[in-house]
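In numbering that gives the first Met the number 0, the protein residues as written are 0 to 514. The beta carbon of each residue, even a glycine, is placed where N, CA and C say it ideally should be. Owing to the predicted nature of the structure, the values given are computational and were not obtained by experimental measurement. First the structure, in the form of structure tokens, and then the observations on it.
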Amino acid sequence: MKAMNGTWLMRGKHVLTDQRKKEKGVLRDGAIAIEGDRIAAVGGFSELEKKYSGARVLGDGKQLLMPGLIDAHSHGRGMSPIQKGVKNDFLENALFDWAYMHLLPPELCAGMTAYHHIRSGCTLLHHNGFDDDGPIGRSRAHQAIKVYLDSGVRLAFSPGVRDESKLALDEFAFFKTLPADLQEWAKPRVQYDKAQIEADYFALYAELLSRYDGGDTRILLSPSWAHGLTEKFARRVVDTAAGKTQIHMHTLQSPVQKAYGLRRHGKPTMQWLDEVGLVAKNVTFGHAIHVTQADIELMGRRGASVTNHPSCNFIMRNGITPVMQMRKAGVTVAMGMDDKTINDDEDAVMELRMMHKVHRLSSYELTEPPMDAYEALEIATINGARVCGFDGQVGALAPGMKADAVLVDLERVENEPWLDPRSDIVEAFVQRAMGSDVDTVVINGRVAMEQRRLKMLGVDALFREVREFCSKGLPEEQRKRAEMLARIKPYAQKWYKGWDEPMVNEPFYRVNSRI
Ligand SMILES: [Zn+2]
């Protein structure tokens with residue numbers, strides 16, 4: 000669907016224009032005027048209606064009009080592990096268990112991902128790929144990007160690879176612990192051509208960059224993991240980004256990874272990253288749960304960012320990212336859903352609520368304010384825009400910004416049976432709304448969903464194709480591979496035993512005490 004011709008209006012009983020301004024950023028009976036892909040004006044509805052007389056109006060005047068939410072860390076898997084037949088556990092275990100999940104074709108994954116995001120008011124998503132399988136990864140990236148762009152969602156896309164520690168951390172030493180028959184199978188998964196991985200990766204990045212990066216889409220760089228990265232690769236990423244392109248990387252997700260950093264580099268991971276130039280304004284760390292106070296201060300000094308994935312961090316038994324401490328130190332924190340959310344359906348509004356709830360824990364100092372709804376929203380909008388490469392262009396509603404906005408029905412929030420008018424509407428939204436209350440989604444001046452119907456994505460056909468694909472079961476080759484990985488898993492569990500013991504001694508969050 001093309002952008003609507005001429006100027007048109009989106010109208011709200013409440014209009015949240017800029018989360019950073021708190022209550023002052025909320026207009027009553029307001030509207031935005033949209034021209035092409037941009038917001039032309041923000042103001043009172045009656046005033047804009049007069050100024051643009053005859054313009055089409057979206058919104059019934061009873062809704063909340065607000066900036067679209069942003070998922071700054073997704074892998075675009077489209078369905079959860081449980082939907083694909085696997086339970087989640089510690090990351091180190093899951094990396095083996097996930098081999099049993101259906102490997103849906105990229106267009107179905109992207110279709111399901113776009114569907115979940117748009118229907119819960121998410122207008123921009125960052126798809127972080129795992130593309131270290133050469134030509135397959137390349138065609139997968141193109142197929143996924145096409146579906147995203149056709150669905151209407153705004154996209155940041157990063158191809159991602161690891162060039163070491165793929166099978167397990169400290170892979171060569173781990174390999175030696177395997178019995179002979181498993182060693183034979185595991186050999187190519189430990190001894191691989193790093194130069195080829197590097198060449199393929201930067202060729203893919205350059206290709207995606209020249210083809211898609213521009214006004215409405217961003218291509219980012221991603222060494223997938225700080226714990227699967229050689230110094231050579233890291234330095235090339237830094238050079239390629241040249242301080243401008245956003246770099247995204249999983250970092251310190253588990254205590255095992257924290258221990259591994261010390262083992263691998265003889266110093267904390269964050270310190271090593273800093274020495275290679277990877278703690279910087281254009282760098283975002285996914286998770287960053289097992290950071291130290293010194294790491295946080297370093298990230299703050301360098302102006303680095305973090306994506307926090309509160310539900311995923313619980314699901315994977317990894318802990319809690321010290322978000323409040325990070326914000327205090329000047330770290331930009333954005334929201335990521337990481338394909339694993341509290342309702343198992345990538346509902347961006349529910350994840351926003353997780354953000355708001357999880358990080359209210361941090362202090363017993365009674366005068367210390369908790370995270371408020373505006374801060375949670377700033378994380379899930381403005382900060383997301385920044386780490387996805389759209390700083391200042393999306394995330395708020397202001398003249399000149401891209402028109403990414405959503406209308407939320409307030410019937411449940413306000414009228415079941417009563418919301419006191421003294422209550423802040425943004426607090427009410429964050430504490431009471433659900434993705435299913437989002438009625439209309441506009442992205443880049445185009446209507447992607449209206450009255451809960453997706454306009455550019457055939458949802459029925461998508462569901463049918465997913466069912467058809469998954470009902471066939473796992474291909475023989477995949478099943479065999481998964482069985483071999485399942486046999487290796489107990490060796491990995493033994494391998495990591497005790498690594499984390501000194502790593503979680505002085506937690507940021509005091510939740511209770513044994514004594
Ligand atoms: Zn992730």
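Nearest C-alpha to F95 among S512, M483, E505, I514: M483.
Distance between Y147 and I218, taken at the CA atoms: about 13 Å.
Counting C-beta pairs with one atom in each stretch, the segment 354-362 and the segment 316-326 have three or more that are closer than 8 Å, which means they touch. Bounds of any alpha helix (DSSP H) do not take in H286; it lies within the beta strand (DSSP E) bounded by 282-286. Segment contact: the segment 110-121 against the segment 437-453, three or more CB-CB distances shorter than 8 Å; contact assigned. When V237, V255, A233 are compared, the shortest CA-CA separation from D169 is found for V255. L418 and K493 have their C-alpha atoms roughly 54 Å apart.
Taking 7 Å as the cut-off, the Cβ atoms of G159 and G133 do not count as close. Residue environment: Q195 is assigned as exposed (fewer than 16 neighbouring CB atoms within 10 Å of its CB, all protein chains considered).
Annotation: the continuous alpha helix (DSSP H) that includes C108 extends over 105-118.
Within 10 angstroms of the beta-carbon of I135 lie fewer than 16 other beta-carbons, which makes it exposed. For S304, DSSP records a beta bridge to T283, T331.
Beta-carbon to beta-carbon, A395 and Q18 are separated by about 7 Å, close enough to satisfy the 8 Å threshold. Taking 7 Å as the cut-off, the Cβ atoms of G151 and A447 count as close. Counting along the chain, W7 sits inside the beta strand (DSSP E) bounded by residues 6-15. As the crow flies, the alpha-carbon of K175 is around 25 Å from that of P267. Between R513 and S310, the alpha-carbon positions lie close to 26 Å from each other. Here W224 has R161, H249 as same chain residues with Cβ atoms under 6 Å from its own Cβ, once five neighbours each way along the sequence are excluded. For S209, the enclosing alpha helix (DSSP H) has its first and last residue at 193-211.
Scanning T380, L261, L181 for the CA closest to the CA of T16 turns up T380.
The Cβ atoms of D337 and H72 lie closer than 7 Å to each other. Inside the segment 444-489, DSSP marks whole alpha helix (DSSP H) runs of 4 or more residues at positions 458-470, from first to last along the chain. Per DSSP, the continuous beta strand (DSSP E) segment holding C121 begins and ends at 121-127.
Look at D192: its beta carbon is at least 6 Å from all of the heavy atoms in ligand 1. For V441, the pairing in a beta bridge is given by DSSP as A404, V446. Proximity of the segment 268-287 to the segment 234-253 meets the contact definition, three or more beta-carbon pairs being nearer than 8 Å. One residue list follows from the rule of a beta carbon closer than 6 Å to any heavy atom of ligand 1, given in chain order as H72, H74, H249, G285, D337. Fewer than three Cβ pairs drawn from the segment 226-233 and the segment 472-491 lie within less than 8 Å of each other, which leaves the two stretches out of contact. Taking the C-beta atoms as reference points, A333 is found nearer than 7 Å to V386. Two segments are said to touch when three or more pairs of C-beta atoms, one from each, lie closer than 8 Å; by this definition the segment 180-194 does not touch the segment 269-283. By the neighbour-count definition (other C-beta atoms within 10 Å, threshold 16), E374 is a buried residue.
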